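Undergrad:
Here you go:
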């Protein structure tokens with residue numbers, strides 16, 4: 046399943062609703078890509094896109110860290 050309701054995402058990931066709302070508010074996660082509201086105004090999370098975001102941010106931080114490895 047690609048999309049899950051916010052409660053299920055938090056259960057699976059251990060993330061908090063507040064963290065998800067913060068990423069949404071600061072546009073770290075984009076509406077329609079990482080998140081979407083259904084007609085009943087419930088928030089859904091795209092697991093595939095969140096995983097891509099996680100891998101991208103992990104790779105970026107590793108690359109940044111590697112430039113300072115000699116220090």
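In the numbering used here, the protein residues as written are 46 to 116.
All C-beta atoms, glycine included, are put in the ideal place defined by N, C-alpha and C.
Remember, predicted model here, so these are calculated numbers, not experimental data.
Which partner residues does residue 95 have in the DSSP bridge list?
TA: Residue 95 pairs with nothing; no bridge assigned.
Undergrad: Does the Cβ-Cβ distance between residue 65 and residue 49 come in under 8 Å?
TA: Against a cut-off of 8 Å, the Cβ pair of residue 49 and residue 65 comes out as no contact.
Undergrad: Could you please give me the residues that DSSP links to residue 81 through a beta bridge?
TA: In DSSP, residue 81 forms a bridge with 89.
Undergrad: What are the residues that DSSP puts in a beta bridge with residue 50?
TA: Paired residue(s): 89.
Undergrad: Tell me which residues share the same chain as residue 78 and place their Cβ nearer than 6 Å to its Cβ, disregarding the 5 neighbours each side in the sequence.
TA: Around residue 78: 94.
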